[in-house]
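Participant: Residue numbers (the UniProt record's numbering): 1 to 291. Here a beta-carbon is modelled for each residue, glycine too, at the ideal position from N, C-alpha and C.
#1: Assign residue 224 to buried or exposed, taking buried as 16 or more other Cβ atoms, counted over all protein chains shown, within 10 Å of its Cβ.
#2: Answer yes or no: does any C-beta atom of chain D fall closer than 9 Å to that of residue 278?
#3: Fully enclosed by the segment 61–121, which alpha helix (DSSP H) runs are 4 residues long or longer?
#4: Compare the C-alpha of residue 214 against each of 155, 198, 282, 17 and name the closest.
#5: CB-CB under 7 Å to residue 135, same chain, minus the five flanking residues each way: which ones, in chain order?
#6: Round the Cβ separation of residue 87 and residue 70 to the nearest angstrom and send it over; I've been treating them as touching at under 8 Å.
#7: Rounded to the nearest angstrom, what separates residue 209 and residue 77 at their Cα positions?
#8: On the premise that residue 262 lies in contact with residue 247, defined as a C-beta separation below 8 Å, what is that separation, rounded to the nearest angstrom?
#9: Considering only C-alpha positions, which residue in the set 161, 175, 123 is nearest to residue 145?
#10: Take the Cβ of residue 80 as the centre, count every other Cβ of all protein chains shown within 10 Å, and call the residue buried at 16 or more, exposed below.
#11: Are there 16 or more other CB atoms within 10 angstroms of the CB of residue 56, so buried, or fewer, so exposed?
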């Protein structure tokens with residue numbers, strides 16, 4: 001029995017070794033060297049990490065990534081939960097609405113970014129064409145999505161809010177799987193809709209929400225890469241939408257500083273693991289308090 005169990009785990013373990021552990025070890029080793037794909041690696045020790053500590057561009061990318069995760073992850077999770085609660089029932093056009101909510105996730109990221117590049121165009125983009133008269137009446141300028149730092153950051157966050165299809169589908173399935181008895185009991189006790197959500201739905205969905213929170217925190221460092229590369233190209237200056245993923249990409253593939261990019265990757269991974277650990281501890285304590 002044990003031998004058959006190990007054979008069943010073998011494909012996963014091989015994938016873990018070949019796709020995670022070995023690349024991670026190579027990345028850590030490369031972070032301690034200077035390497036440009038042309039000359040042999042030159043040992044630097046901790047020099048790359050010391051340089052990152054004093055690199056204003058890296059600090060800006062780090063702060064941009066933290067702000068993006070702090071704003072985008074709760075918004076994405078909240079919107080996915082709201083849509084799941086609205087569309088989980090069998091009703092007229094509910095299936096079409098669920099498809100529409102999940103569809104943007106299936107669009108290739110480059111095509112998705114090019115679409116938003118057109119939508120955000122300040123001259124003929126549909127967003128400003130629609131919102132322009134409203135902002136004029138309010139006496140304020142319409143957002144300049146691609147040229148102003150704050151507006152560009154808001155644009156990247158806005159783009160991420162439409163790619164919640166995976167979370168939405170999981171939450172719809174989780175909501176449909178909840179036992180009907182709990183809701184019937186709440187209705188007998190004349191509980192309001194808010195009380196049912198707060199005391200029945202949310203506690204039973206909490207484990208799923210916790211997993212999605214951790215998953216989306218990990219993914220948030222990747223969600224910002226393609227929009228920042230395609231739509232804003234890391235700008236407007238100075239590095240307003242340069243996130244850690246884009247910082248690593250540019251140092252590796254544009255500047256050919258693979259050791260430096262590897263050091264930034266190690267720090268990015270460490271921060272991600274720290275954020276996940278903190279969230280896991282908070283969720284575990286919240287679960288104990290509910291008991």
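Facilitator: Taking the coordinates as given:
#1: Against the chain shown, residue 224 aligns to sequence position 224. Result: buried.
#2: Of the protein chains in the structure, only one exists, and it is not chain D.
#3: 94–102, 109–119
#4: Here residue 214 corresponds to residue number 214 of the chain shown, with the count starting at 1. Among 155, 198, 282, 17, the Cα nearest to that of residue 214 belongs to 282.
#5: Sequence index remark: in the chain shown, residue 135 carries index 135 (1-based). Counting only Cβ-Cβ distances below 7 Å, and skipping sequence neighbours, we find 141, 142.
#6: Here the question's residue 87 lines up with position 87 in the chain shown. Here the question's residue 70 lines up with position 70 in the chain shown. Not a contact, Cβ separation roughly 27 Å.
#7: Mapped onto the chain shown, residue 209 falls at position 209. Mapped onto the chain shown, residue 77 falls at position 77. Using only the alpha carbons, I get a separation of about 8 Å.
#8: Working through the chain shown from its first residue, we reach residue 247 at position 247. Working through the chain shown from its first residue, we reach residue 262 at position 262. Contact doesn't hold; Cβ gap of about 12 Å is too wide.
#9: To locate residue 145, count along the chain shown from 1; it is residue 145. Measuring from the Cα of residue 145, the nearest candidate turns out to be 123.
#10: Working through the chain shown from its first residue, we reach residue 80 at position 80. With 16 or more Cβ atoms within 10 Å of its Cβ, residue 80 is classed as buried.
#11: Translated into the one-based positions of the chain shown, residue 56 becomes position 56. Label assigned to residue 56: exposed.
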